[in-house]
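Colleague: My questions all concern the structure below.
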Amino acid sequence: MAASCRVFGAITSMNPKRLCRPDSSLLALTGLYRRQWRAGRRTSFFEQTNFRSRSLETIMESLSLHRRRALRVLAAGGVFAGLPSLAFAKESYPEKPITLIVPQPVGGDADAVCRMLQPQWQQVLGQPVIIDNKAGAAGNIGTSTGARAPNDGYTYTFVNQGTMSINPFLYKNPGFKVESLMPVSWLTSNDLIICAHPSVGASNLAEFLAKARARPGEFTYGTAGNGSANHLAGEMLKSMAKVDLVHVPYKGGGPAIIGALGGEISTVVAFPIAALPHIKSGKLKALAVTGPRRSPILPDVPTVQESGVAGYEFVSWMGIVAPEGTAGDRIARFSEATGQALRDRTVAERLKESMMVPSGAGPDAFRAQIQGESRKLSALISQLKLSID
């Protein structure tokens, strides 16, 4: 309330000839406030004038242009921060549901992570986050849709290593430019798992590679699509292990898992969140993890390096972006809400069980991650001579 007194003191101390001379309603209002304050009747002022129901916009309707500007300057400078009852902004963000475009089908790793965060987003933001799955072209379709979306802070897009740091260098025209998307939040990092259908008859990656070398071109590996992180991880394995495997691209990680479960493909390079339930049930065999060390969730499964492929390491990541031009305060708000959601105890535990390491880092850190990965992976793509029309 002391801040409130300073507000009206600041206003009425200004030259009334320049600010409020013709506007007797505002002068009367501020005068009343000062008299009530001196009398110690702080609550009655708001009751008598019904000030809570009045907005600055109503008062300003009668002010001339230069007077409106003067009050806007005061408001922008935080002068009115002590008056929570004044409606200086036309809205509080968010005022309606937010759409999150997920460039993968329902049931994939991206979809699973986003739906895991949905309840926490709504709890923090006070509005639901609606997931809009737009799969296809290794995430390019959904990502390009997100890049063209209105930049009003009500549409965000899920991205990952594939869409932000692989596809722009693998596809001649992915349908979007990385520069047209503003980093919002870095969600998670995680290893991938190389899994096999039980009919392959290999208990680990070393055994599978031996079979593949003996029968070149006979075994297949499935991924979430051309240009996906899974695809690049598989091509790295082919190149570094000097083995001939046939790539089978699917429209998302979920369909690739289904293909492996049905025996359509010999192996699948999968995200843990989609593959672990089938590994635990025995329907898929985990051959190796792509990270630098074994996972405590699968302690008996070796790394690719341990399987005889020296120097192999591949770690994927996920995040959220906004269309270019989205207001910084709205990006900050959604990033903050995402960080809170990732710190939720239940979410953190579920991510850990899915071999995912939550990040929650904001726009600057996520931008640095995207740029660093793009430099590294573009060089790798060039080295492997990969290209998709």
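Its first residue numbered 133, the sequence shown is counted upward by one per residue in the numbering used here.
Positions of the beta carbon are idealized from the N, C-alpha and C atoms, including for glycine.
Measure the Cβ-Cβ separation of glycine 451 and valine 291 and say whether it is below 8 Å.
Modeller: Contact: yes.
Colleague: When you compare only the Cα positions, how much space is there between tyrosine 303 and leucine 516?
Modeller: 14 Å
Colleague: Specify the secondary structure class of valine 447 as computed by DSSP and reduced to three states.
Modeller: For valine 447, the secondary structure class from DSSP, reduced to helix, strand or coil, is strand.
Colleague: If you check the beta carbons only, do leucine 324 and alanine 244 fall under 8 Å apart?
Modeller: No, they are not a contact pair.
Colleague: Can you tell me where the alpha helix (DSSP H) holding aspartate 521 begins and where it ends?
Modeller: Premise fails: aspartate 521 is in no alpha helix (DSSP H) and is neither H nor E.
Colleague: Roughly how far, in whole angstroms, is the beta-carbon of alanine 356 from the beta-carbon of glycine 384, given that I think they are within contact range, below 8 Å?
Modeller: 5 Å
Colleague: Compare the Cα-Cα distances from glycine 274 to each of Trp318, Val256 and Pro235 and report the closest residue.
Modeller: Pro235
Colleague: Could you name the residues of the same chain whose beta carbon sits closer than 8 Å to that of tyrosine 288, not counting the 5 residues immediately before and after it, in chain order?
Modeller: Ile230, Thr231, Leu232, Ile233, Gly278, Val316, Ile452, Val453, Ala454 and Phe466
Colleague: Between Asn322, Glu350, Ala328 and Pro381, which has its C-alpha nearest glycine 271's C-alpha?
Modeller: The shortest Cα separation from glycine 271 among Asn322, Glu350, Ala328 and Pro381 belongs to Pro381.
Colleague: So, at 7 Å on beta carbons, what are the nonlocal neighbours of phenylalanine 446 in its own chain, with the 5 sequence-adjacent residues on each side left out?
Modeller: Leu324, Ala365, Met368 and Thr422
Colleague: Tell me which residues share the same chain as aspartate 476 and place their Cβ nearer than 7 Å to its Cβ, disregarding the 5 neighbours each side in the sequence.
Modeller: Hits under 7 Å: Gln252.
Colleague: Check the C-beta distance from alanine 488 over to isoleucine 405 and give it rounded, since I have them as a contact under 8 Å.
Modeller: Sequence check: residue 488 is methionine here, not alanine. Contact flag correct, Cβ pair sits at about 7 Å.
Colleague: How long is the line joining the alpha carbons of histidine 329 and glutamate 339, rounded to whole angstroms?
Modeller: If I take the Cα positions, the gap works out to 14 Å.
Colleague: Check whether the Cβ atoms of alanine 420 and leucine 337 sit closer than 8 Å, and answer yes or no.
Modeller: yes
Colleague: Excluding the 5 residues preceding and the 5 following histidine 363 in the sequence, name in chain order all residues of the same chain whose CB lies nearer than 6 Å to its CB.
Modeller: Thr355
Colleague: In whole angstroms, what is the alpha-carbon distance linking valine 238 and glycine 386?
Modeller: Taking the straight line from one Cα to the other gives about 7 Å.
Colleague: By Cβ distance below 6 Å, which residues in the same chain neighbour proline 424 in space, the five residues on each side in sequence not counted?
Modeller: Glu445
Colleague: Let me know the secondary structure DSSP gives leucine 324 once reduced to three states.
Modeller: coil
Colleague: Can you name the residues that DSSP bridges to glutamate 401?
Modeller: It is valine, not glutamate, that sits at residue 401 in the sequence shown. Looking at the DSSP assignment, valine 401 forms a beta bridge with Ile326.
Colleague: What does a CB cutoff of less than 7 Å around glycine 395 pick up in its chain, not counting 5 residues either side in sequence?
Modeller: Setting aside the 5 residues that flank it on each side, glycine 395 is surrounded in the same chain by His329 and Ser331, each with a C-beta closer than 7 Å to its C-beta; the list follows chain order.
Colleague: Suppose only complete runs of 3+ residues qualify. What are the beta strand (DSSP E) ranges in the segment 219-246, listed by chain order?
Modeller: 230-234
Colleague: Quick one: residues in its chain with C-beta nearer than 6 Å to the C-beta of glycine 307, no 5 flanking neighbours on either side, listed in chain order?
Modeller: Asn272 and Ser276
Colleague: Between the beta-carbon of tryptophan 318 and the beta-carbon of glutamine 437, is there less than 8 Å?
Modeller: no
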